[in-house]
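Just so we're aligned: 52 in UniProt numbering is position 52 of the sequence shown, and the numbers increase by one with no gaps anywhere. By construction, the Cβ of each residue, glycine as well, lies at the ideal position given by its N, Cα and C atoms. The structure displayed is predicted, hence computed values, not measured ones.
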Amino acid sequence: MEKSEFERVIEQLPIGACIINQDMTITFANPTFLGGLTIRQPDLVGQPLLTVFEEQARFLKRKIDSVFILKNPSFSYWQQRPHVFPMRSSRPITGDESQMYQNVQFMPLSNENAEVTHVSIFVTDVTAEASYFIQQSDLKNALEDEHQQLKALHQELKVAQKKMLQSEKMASIGQLAAGVAHEINNPIGFVSSNLETLKDYALKLIKTTQTQKKIIVKQAEDRFIKLLEDVYERQGVDFILEDLPELLDESLDGAERVKKIVNSLRDFALSDEESWMEVDLCAEIESTLIVLKNELKYKVQIEKQFPAEPVFLWGKASKIRQLLFNTILNSLQAMVSGGTLTIECKQEQDKIKLIIEDTGAGIAESDLERIFDPFFTTKEVGQGTGLGLSEVYTITEEHEASVDVLSKVGEGSRFVFVFNTPKSS
Ligand SMILES: Nc1ncnc2c1ncn2[C@@H]1O[C@H](COP(=O)(O)OP(=O)(O)O)[C@@H](O)[C@H]1O
Ligand SMILES: [Mg+2]
């Protein structure tokens, strides 16, 4: 029998089509449907659908039953169920997509009495769309991942850069400081020792002058006495004699201060040859407190929270001493009208924790970023060099330790150090 045009269209349709009757028997299947199947079934027409497609039987039965009962079309979308029928993809995009992604429609077929006698099934190949979609979504996930990684990296870089800037600053200023300290060290040495001698000489000269004057006043003729008094008057000798020792004392004080600054500059300059050893932290704290006895004149309560057993950190003893001295001195200076200094040290796993806490003036939030900067000080000229904490910073760096500061204006400050133990180094 000659095929009608209509039949030929159905055969050429790029959509797989088949028809099922109420017994679930296949009554028709077009070439696209048959050709796509990966199972070999010479004669599909007349076969029971649920036996042919055994693996999908439950899903197919549910779908087809619902069409017969509700008389409404039903769909299956590839994202929920990519492969309803075992079919190969007609347009494999990538090597992976050998199976056809399908959208499947189940349509009711009714007779003249509006009874659903058959269900037609249309299988559309959406492999191209699906793989494009999957690719895009993989790409999106990959981009998202990459974005997260970049973000984390950026954060890490920011932290590293900040650290590097600080170290850089320390290193260059350290070098400068060492150079300047070296240059100043000699001259200030002889200036201050000459000043000592000068003061000694001056005191002797003053005594001599005063004795001379006494003798002359007592024994010389009035004429001479008058002459002497004129000279004294004109030259302001009385004032000079009084002012001279004071001037020298002040100069000696100044020279002493310069010496101290030079010394801190030299300490601040990078590490010397001192050897590494086990440092008994609590013992060092005790001796630092003794050295700082003078500063303890204020009504400062000291709370020591030390463990029963000594804790040892791995470090350079003199540097640790310097760190303790600088940090504790700052705390004491921040409590001019009294307060409590709490010093705690303890071992936590293979780390040593040192906490120095005061109830002093506290540090303004805007200053917190700068307290470790060389020469940053809020103290009056002559009171602070601004080198204490930058030295502390250099020492922690050298010890691969860390320092964290928590502070609130009017409440106090808390410095937390974490050091390595001899084992963890
Ligand atoms: N415990 C503290 N309480 C309040 N301020 C502090 C404390 N420690 C440090 N500071 C602040 O940090 C600054 C820098 O300290 P430092 O480097 O030791 O220099 P200096 O003590 O010579 O000023 C101080 O001037 C002070 O403002
Ligand atoms: Mg200080």
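Handout entry: Residue range of the unbroken alpha helix (DSSP H) whose run includes residue 27
Key = Counting along the chain, residue 27 sits inside no alpha helix (DSSP H); it lies in the beta strand (DSSP E) bounded by residues 26-29.
Exercise for the section: Measure how close the beta-carbons of residue 352 and residue 416 come, nearest whole angstrom, since I'm counting them as under 8 Å. Expected result: About 11 Å separates the two Cβ atoms, so there is no contact after all.
Problem - Three-way DSSP call (helix, strand, coil) for residue 161 in this model - result: Helix, per DSSP.
Practice task
Decide if the region 358-370 is in contact with the region 216-231; the criterion is three or more beta carbon pairs, one per stretch, under 8 Å apart.
Solution key: Short answer: they don't touch.
Exercise for the section: Please go through the same chain and pick out, in chain order, the residues whose beta-carbon is closer than 8 Å to the beta-carbon of residue 284, but skip the five residues on each side of it. Expected result: Residues 317, 320, 321 and 324 of the same chain have their beta carbon placed closer than 8 Å to that of residue 284, with the five preceding and five following residues left out of the count.
Handout entry: Rounded C-alpha distance that separates residue 129 from residue 98
Key = Approximately 14 Å between the Cα atoms of the pair.
Handout entry: Residue of 17, 410 and 61 minimising C-alpha distance to residue 36
Key = Nearest neighbour of residue 36 by Cα position, chosen from 17, 410 and 61, turns out to be 17.
Practice task
Taking residue 52 as the reference, give the member of 107, 29 and 255 with the closest Cα.
Solution key: Nearest option by C-alpha distance: 29.
Handout entry: Where residue 364 falls, given that 16 or more other Cβ within 10 Å makes a residue buried
Key = With fewer than 16 Cβ atoms within 10 Å of its Cβ, residue 364 is classed as exposed.
Exercise for the section: Let me know if residue 403 comes out buried or exposed under the rule of 16 or more other beta-carbons within 10 Å of its beta-carbon. Expected result: With 16 or more Cβ atoms within 10 Å of its Cβ, residue 403 is classed as buried.
Problem - Given residue 107 as reference, the closest of 21, 189 and 139 once Cα atoms are compared - result: Looking at 21, 189 and 139, the one whose alpha-carbon comes closest to that of residue 107 is 21.
Exercise for the section: With hydrogens ignored, establish whether the beta-carbon of residue 367 is closer than 8 Å to any heavy atom of ligand 1. Expected result: Closer than 8 Å to some heavy atom of ligand 1: that describes the Cβ of residue 367.
Practice task
Assess, as a yes-or-no matter, whether the region 299-309 is touched by the region 330-348 under the definition of 3 or more beta carbon pairs within less than 8 Å.
Solution key: Yes, since at least three Cβ pairs between the region 330-348 and the region 299-309 fall closer than 8 Å, the two stretches touch.
Problem - residue 402 at chain B interface by Cβ criterion, 9 Å - result: Included in the structure is just one protein chain, with no chain B present.
Handout entry: Backbone CA spacing between residue 278 and residue 372 [nearest angstrom]
Key = Linking residue 278 to residue 372 through their CA atoms gives a straight-line distance of about 26 Å.
Handout entry: Coarse secondary structure for residue 48, derived from DSSP in three states
Key = Here residue 48 carries a strand assignment [DSSP, helix/strand/coil].
Exercise for the section: Give a single yes or no on whether residue 384 has its beta carbon closer than 8 Å to a heavy atom of ligand 2. Expected result: The answer is yes for residue 384.
Exercise for the section: Can you grab the Cα-Cα spacing for the pair residue 123 / residue 113, in whole Å? Expected result: If you take the alpha carbons of residue 123 and residue 113, they lie about 28 Å apart.
Handout entry: Heavy atom of ligand 1 within 8 Å of residue 404 beta-carbon
Key = For ligand 1, not one heavy atom lies less than 8 Å from the Cβ of residue 404.
Practice task
Using 8 Å as the cut-off, classify the Cβ of residue 243 as near or not near the heavy atoms of ligand 1, replying yes or no.
Solution key: False, no ligand heavy atom lies under 8 Å from that Cβ.
Problem - Reduced DSSP secondary structure (H/G/I, E/B, other) of residue 342 - result: Strand.
Handout entry: Residues of its chain near residue 110, where Cβ-Cβ distance is below 6 Å and the 5 sequence neighbours each way are ignored
Key = Closer than 6 Å at Cβ, skipping near neighbours: 116.
Practice task
Please go through the same chain and pick out, in chain order, the residues whose beta-carbon is closer than 7 Å to the beta-carbon of residue 362, but skip the five residues on each side of it.
Solution key: Counting only Cβ-Cβ distances below 7 Å, and skipping sequence neighbours, we find 407, 408, 409, 410, 411, 412 and 413.
Practice task
Any chance you could list the alpha helix (DSSP H) runs of at least 4 consecutive residues sitting entirely within the region 341-410, in chain order?
Solution key: Runs of the alpha helix (DSSP H) inside the region 341-410: 365-368 and 388-398.
Problem - Exposure label - residue 276; buried when at least 16 CB within 10 Å - result: The residue in question, residue 276, is exposed, as its Cβ has fewer than 16 Cβ neighbours within 10 Å.
Handout entry: C-beta atoms of residue 206 and residue 241 nearer than 9 Å
Key = In this structure, residue 241 lies closer than 9 Å to residue 206 by Cβ.
Handout entry: Three-state secondary structure (DSSP) of residue 66
Key = Note: residue 66 maps to helix in three-state DSSP.
Exercise for the section: Could you tell me how far apart the beta carbons of residue 82 and residue 105 are, in whole angstroms, since I believe they sit closer than 8 Å? Expected result: With 8 Å as the limit, residue 82 and residue 105 do not qualify as a contact, their Cβ atoms being about 16 Å apart.
Problem - Rounded C-alpha distance that separates residue 89 from residue 156 - result: Rounded to whole angstroms, residue 89 to residue 156 spans 47 Å at the Cα level.
Exercise for the section: Excluding the 5 residues preceding and the 5 following residue 329 in the sequence, name in chain order all residues of the same chain whose CB lies nearer than 8 Å to its CB. Expected result: Counting only Cβ-Cβ distances below 8 Å, and skipping sequence neighbours, we find 292, 295 and 388.
Practice task
Identify, in the order they occur along the chain, each residue of the same chain with its Cβ nearer than 8 Å to the Cβ of residue 198, setting aside the five sequence neighbours on each side.
Solution key: Taken in chain order, the residues that qualify are 248.
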